[in-house]
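The structure under discussion appears below in the form of structure tokens.
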Amino acid sequence: MGIQLIKKHLYSLGLFFFSLLLIATELSAATGSKDKKAEESSDGSRYILNCSECHGFDGNSISSEWPNIAGLNKNYMIRQLEDFKEGKRANKEMTQIVKEFPSDKELTSLAKYFSKQKVINPNTPETIKQYSLVDLTLGEEIFTGKRIEYGIPACSACHGKEGLGDKEGKFPRLVGQHIAYTIKQMKLFRSKERSNDTPAQMRNIALKMDDEDIESVAAYIAYMNIEKD
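Under my numbering, the first residue of the sequence shown is numbered 87, with each subsequent residue one higher.
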């Protein structure tokens with residue numbers, strides 16, 4: 087409880103100083119030329135504070151309700167933001183937020199900023215133990231492709247042996263994500279409530295997985311991150 091309280095205080099303090107930085111930047115920009123103002127208004131820096139309310143200033147969210155976006159591939163984030171904007175990925179809050187952006191330049195700038203941040207492991211053995219169906223042996227088998235006879239291909243085939251995703255940004259980084267968020271997204275794919283995985287790759291895989299499979303592989307991924315830290 088004490089650690090969480092400290093995190094919240096540090097987070098609030100970070101927002102305070104970042105707000106001062108934004109004010110100073112805007113005051114400085116006000117003394118420049120009109121062309122300079124136009125150039126600065128086209129980047130996404132003024133929107134970072136809005137994103138930080140849920141995802142953290144450095145992309146590490148303080149709640150599993152929102153994903154860690156620090157260190158995610160820039161191209162992957164841009165595609166997700168565009169999907170929210172176009173309604174291909176359902177989330178009322180995110181859809182409303184991205185529609186308020188003046189242009190796609192801001193989305194690209196934000197994705198570039200958060201992709202350069204260092205992800206901080208949010209998982210602990212205690213949070214993982216909250217899931218009663220977890221079987222780490224099963225999770226390892228699913229991740230590495232040892233359950234292919236059940237129609238479940240290896241997670242590592244797309245997301246990499248270390249769960250870091252691919253360089254092109256087609257498949258996201260998995261390690262460093264809240265275990266609760268990973269489980270939630272897998273279940274959304276299974277129920278087809280999330281359907282922006284063209285061509286239905288994750289939906290087809292998740293349909294073959296029960297709750298034990300999903301919790302186990304999510305826990306295995308979470309432990310991969312803990313061991314690296």
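Built from N, CA and C at the ideal position, the CB exists for glycine as well.
Quick caveat: nothing in here was measured; it's all calculated off a predicted structure.
DSSP-derived helix/strand/coil call for residue i
i                 : result
valine 303        : helix
isoleucine 206    : coil
phenylalanine 170 : helix
valine 184        : helix
serine 281        : coil
cysteine 140      : helix
proline 211       : helix
serine 201        : helix
methionine 272    : helix
phenylalanine 257 : coil
isoleucine 164    : helix
aspartate 221     : coil
methionine 295    : coil
cysteine 244      : helix
lysine 232        : coil
Beta carbon proximity, residue i to chain B, threshold 8 Å
i              : result
tryptophan 152 : The structure shown contains no chain B; it holds only a single protein chain.
8 Å contact criterion, which residue i and residue j should meet: CB distance rounded
i              : j                 : result
isoleucine 269 : tyrosine 199      : Their Cβ separation, rounded to whole angstroms, is 28 Å, which puts isoleucine 269 and tyrosine 199 out of contact at 8 Å.
asparagine 177 : phenylalanine 170 : 6 Å
glycine 130    : glutamate 192     : 4 Å
serine 242     : glycine 231       : 7 Å
Reference residue i, options the options, closest by Cα
i              : options                        : result
tyrosine 217   : Gly142, Lys160, Glu298         : Glu298
glutamate 227  : Tyr162, Tyr306, Glu279         : Tyr306
arginine 276   : Ile300, Asn146, Gln263, Lys253 : Ile300
proline 146    : Gln166, Tyr267, Ile214, Lys191 : The amino acid occupying residue 146 in the given sequence is asparagine; proline does not appear at that position. The residue with the shortest Cα to Cα distance from asparagine 146 is Tyr267.
arginine 165   : Met310, Asn311, Pro258         : Pro258
methionine 288 : Ala240, Leu167, Ala197         : Ala240
serine 138     : Ile234, Lys253, Ile183, Thr223 : Ile183
aspartate 221  : Ile312, Ala304, Met310, Asn136 : Ala304
methionine 310 : Ser150, Phe143, Phe229, Gly173 : Phe229
threonine 284  : Ser149, Lys174, Met163         : Lys174
cysteine 140   : Glu179, Asn290, Ile214         : Glu179
isoleucine 148 : Leu196, Ser195, Asn209, Ile312 : Asn209
Neighbourhood of residue i by C-beta distance below 6 Å, restricted to the same chain and skipping five residues each side
i           : result
lysine 294  : Gly237, Ile238
leucine 260 : His245, Gly249, Ile307
leucine 167 : Val184, Leu193
Beta-carbon contacts of residue i that lie in its chain and below 7 Å, excluding the five residues immediately before and after
i             : result
threonine 117 : Note that threonine 117 scores 40 on pLDDT, short of 50, meaning its location in the model is unreliable and no value can be drawn from it.
Meets three-Cβ-pair contact criterion under 8 Å: the region 147 to 158 and the region 200 to 208: yes
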